[in-house]
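J.: I have a structure I would like to understand better, so I am pasting it below and will then ask my questions one at a time.
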Amino acid sequence: MLEQGTISIHTENIFPIIKKSLYSDHQIFLRELISNAVDAIQKLNMISRAGEYSGDIGEPEIQIAIDKNNKTLSITDNGIGMTADEVKKYINQVAFSSAEEFIQKYKSTSDQPIIGHFGLGFYSSFMVAQKVEIDTLSYKEGAQAVHWTCDGSPEFTLEESSRTARGTTITLHLMEEELDYLESARIKNLVKTYCDFMPVPIKLDGEVLNRQKAPWRESPSNLSKEDYIEFYRYLYPFQEDPLLWVHLNTDYPFIINGILYFPKLRPDVDVTKGQIKLFCNQVFVSDHCEEIIPQFLLPMRGVIDSSDIPLNVSRSALQTDRTVKKIGDYIAKKVGDRLKELYRDNRDQYISAWKDLGTFVKFGVMNDEKFKRQIEDILIFRSTAELSNQTASETPAVQVQSEGEDVWQDVTPPASSGGDSYTTLKEYLERNKERHKNRVFYCTDEAAQATYVELHKKQGLEVLFMDSFIDTHFINFLEREFQDVKFTRVDSDLDQTLLDKDQATEIVDPKTNKTRSEVIKELFEKALNKPKLNIRTEALKSDNPQSTPPAMVLLPEILRRLREMNALMQQQTVEFPEEHILLVNTSHPLIQNLATLSQSSIIQGGGESPTGQLVNMICQHIYDLALMSQKGFDAEGMKGFVERSNEVLTKLTEQATK
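Each residue of the sequence shown is one higher than the one before, starting from 0 at the first, in numbering that gives the first Met the number 0.
Written as structure tokens, this is what we have:
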């Protein structure tokens, strides 16, 4: 026996701390032991390149062996190995990391990172093992192999070994409650989760378990479009292919590599939780890195790998500092560069992806001033205007690190794509300054507001579609940015250019001393009997009055927004307001016929004539149709509408058969 003694530790109760507190997840032990094995192999390569080892280093590999009879799990590498003195220094002195010292010595010959930083990874094995053995032989000429044993107490033994192969074997005698680690499927799953991209083959029963190649550490010029998409499919199976991607690659002022993807957004995606995988030197750390990624980019997917991201001692949590903020700023800038590149080089792809991209971009613009300044010229909106088609056919290159400021200064107008036209807000304002200076007409629901949009289009008024879930907030943001611009939803009120003031409805009838507009208004007030309903009579301008709606419900912009804000603050559904405007179109033939029909109604006895009843029912039906376009019905309202519709049709058929 070479020695018997006590492990040098800084805390007497280090083992209970390791077992219960240091690592939140017991399965981490395999990641740590394999990481150490990779380090040992990388160290041997570095020493060989430095000329300090002339022997054959062989093919690097890590072997995992399961012995169910003896209840042991072992991890073997053919790396640098250790001498007795090194075991004493790096194993017996807990929390002394050999990786730090080694990196400093061989810095100039290193082209592969050393994973370990803390020196505690090895001791994670005591979370699952009642006894741990190390059998190791150093690369040094004439070195004596040694065998180290510890039962989880501060006591250890160190003795000579008969080992003849260079490298190290760690053998874990598993606790009874941890025997599931003797199952091959369990080990394979853990290797795939934590060690899939480690650059050394990891074998179990002769089978290589890991991919080894980390695409994010490749040069973008070596990767094809298919390579990027295949990697995305591997990371996120059963998902639609991504819209585009950003390749991160920089070593100053910090080291970071990665590939980030813009996914197609689905309604069930939680945009508050990140799905980007965090690695440290190709070792998987976490499925979430919300502290690193700017909030507006959380729905992105992919991989970030950096040795400069400050993790805690167990690698399970991020320690927030200024470096993290700088990394977040770098990622946001690279994303902005990629979007500008796509806008410039492949406008059709940019526009076709905008439905999903727009959510990222708008959220980023509202929350990141630097990002806003970077991409504000490529914010686009679908428009009713017929704009010229300006496209670029080139396939965009993948964005990589570029030093200095953005290289793109001029941004040309966006192109139309797939029959739709897209424009920036500045272009919209410039194009319409003669017709309605600093006023923007917008639509939030293309189907429900189709009638209103069509009215505007027929009178040459351009409408922007702001119909994503984020646009309610984005409009408020735009109003703060463009304080002299007024945003008006198409159903909030009607511009004067949509109204015809030279109509006969304003002529006073000498018999009643009322205009036709006043007569129509009284008809609807009497039929509807809704004191909080504001009824307006206007003639809508049109070459074909039949093509215009007989009536429209208007929701004043300010009141509607207040209701939406209150509902949001109280986490309630926005209810249709009792106080709204019913605009009756006096130029529509149906309304004119209704006014004529009302003049022929005769009161019979104490009741109302059948014609008068029919007039009231038609007024109600017209109001129902106007409400329906605003989705103003609840379940009870829809039931009443169906009953009233049947009644109107019955009355009409009765009169037609007389």
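Heads up, the beta-carbon is just placed ideally off N, CA and C, and yes, glycines get one too. Every value quoted in this text rests on a predicted model; they were computed, and no experiment measured them.
Distance, Cα to Cα, residue 376 vs residue 73?
T.: Each residue's Cα considered, the two are about 58 Å apart.
J.: If residue 554 and residue 467 are in contact, beta carbons under 8 Å, what's the gap, nearest whole angstrom?
T.: Wrong, their Cβ atoms sit about 20 Å apart, outside the cutoff.
J.: Would residue 356 be called buried (16 or more neighbouring beta carbons within 10 Å of its own) or exposed?
T.: Counting Cβ neighbours within 10 Å, residue 356 comes out buried, since at least 16 surround it.
J.: Given that a residue counts as buried once 16 or more other Cβ atoms are within 10 Å of its Cβ, and exposed if not, what is residue 365?
T.: Under this definition residue 365 is a buried residue.
J.: With C-beta atoms as the reference, is residue 129 less than 7 Å away from residue 172?
T.: Taking 7 Å as the Cβ cut-off, residue 129 and residue 172 qualify as a contacting pair.
J.: How is the alpha helix (DSSP H) around residue 91 delimited, first residue to last?
T.: That residue, residue 91, is in no alpha helix (DSSP H); it is neither H nor E in DSSP.
J.: Quick check on DSSP: helix, strand or coil for residue 483?
T.: Coil at residue 483, not helix or strand.
J.: Rounding to the nearest angstrom, what Cα-Cα distance links residue 122 and residue 132 in this structure?
T.: Approximately 12 Å, taken between the alpha carbons.
J.: My output table needs one value for residue 256: the three-state DSSP class, helix, strand or coil.
T.: The answer is strand: DSSP assigns residue 256 an E or B state.
J.: How many angstroms separate the CA atom of residue 155 from the CA atom of residue 179?
T.: Straight-line Cα distance between these residues: approximately 27 Å.
J.: Give the single residue among 302, 441, 160 whose Cα lies nearest to the Cα of residue 148.
T.: Looking at the Cα atoms, 160 is the closest of the given residues.
J.: Between residue 649 and residue 294, what straight-line distance do the alpha-carbon atoms span, to the nearest angstrom?
T.: Spanning the two alpha carbons is a distance of roughly 59 Å.
J.: What did DSSP end up calling residue 533 once you bin it into helix, strand or coil?
T.: It is a strand residue.
J.: Please report the straight-line C-alpha distance between residue 557 and residue 581, rounded to a whole angstrom.
T.: Distance between the alpha carbons of residue 557 and residue 581 is about 17 Å.
J.: Mind checking which residues open and close the beta strand (DSSP E) that includes residue 526?
T.: No beta strand (DSSP E) holds residue 526; the alpha helix (DSSP H) holding it covers 515-527.
J.: Which partner residues of residue 209 appear in the DSSP bridge assignment?
T.: Bridge partners of residue 209: none, in fact.
J.: Who are the Cβ neighbours of residue 257 in its own chain at under 7 Å, not counting the five residues just before and after it?
T.: For residue 257, where only same-chain residues beyond five positions count, the Cβ hits under 7 Å are 215, 247, 301, 302, 303, 304.
J.: Return the CA-CA distance between residue 461 and residue 444, expressed in angstroms with no decimal places.
T.: So the alpha carbons of these two residues sit roughly 16 Å apart.
J.: Can residue 550 and residue 499 be called in contact, C-beta distance under 7 Å?
T.: Contact: no.
J.: Within 10 Å of its beta-carbon, does residue 83 have 16 or more other beta-carbons around it, so buried, or fewer, so exposed?
T.: Counting Cβ neighbours within 10 Å, residue 83 comes out buried, since at least 16 surround it.
J.: If we ignore side chains and look at the alpha-carbon of each, how far apart do residue 529 and residue 583 end up?
T.: Taking the straight line joining both Cα atoms gives about 15 Å.
J.: Ignoring anything shorter than 3 residues or poking outside the stretch 169-204, list the beta strand (DSSP E) runs there in chain order.
T.: With a minimum length of 3 residues, the continuous beta strand (DSSP E) runs that stay inside the stretch 169-204 are 201-203.
J.: Between the Cα of residue 628 and the Cα atoms of 448, 483, 453, which residue gives the shortest distance?
T.: Residue 448 is the option with its Cα nearest to residue 628.
J.: Quick one: what's residue 551 bridged to in DSSP?
T.: 582.
J.: Do you know whose CA, among 434, 474, 619, lies nearest residue 525's CA?
T.: Selected option, being the one with the closest Cα: 619.
J.: What does the alpha-carbon distance come out to for the pair residue 635 and residue 540?
T.: If I take the Cα positions, the gap works out to 35 Å.
J.: Within 10 Å of its beta-carbon, does residue 87 have 16 or more other beta-carbons around it, so buried, or fewer, so exposed?
T.: When all chains shown are included, residue 87 counts as buried.
J.: Inspect the beta-carbon positions of residue 463 and residue 362 and report whether they are closer than 7 Å.
T.: No, these two residues do not count as a Cβ contact at 7 Å.
J.: Do the stretch 227-245 and the stretch 340-356 make contact, defined as three or more Cβ pairs closer than 8 Å?
T.: Yes, since at least three Cβ pairs between the stretch 227-245 and the stretch 340-356 fall closer than 8 Å, the two stretches touch.
J.: Under a Cβ-count criterion, where at least 16 other Cβ atoms within 10 Å of its own Cβ denotes burial, should residue 393 be classed as buried or exposed?
T.: Legend: pLDDT at residue 393 = 37, less than 50; position of this residue unreliable, value from coordinates given subsequently. Label assigned to residue 393: exposed.
J.: DSSP state of residue 440, grouped into three classes?
T.: Of the three classes helix, strand and coil, the one that applies to residue 440 here is strand, per DSSP.
J.: Take the Cβ of residue 587 as the centre, count every other Cβ of all protein chains shown within 10 Å, and call the residue buried at 16 or more, exposed below.
T.: Buried.
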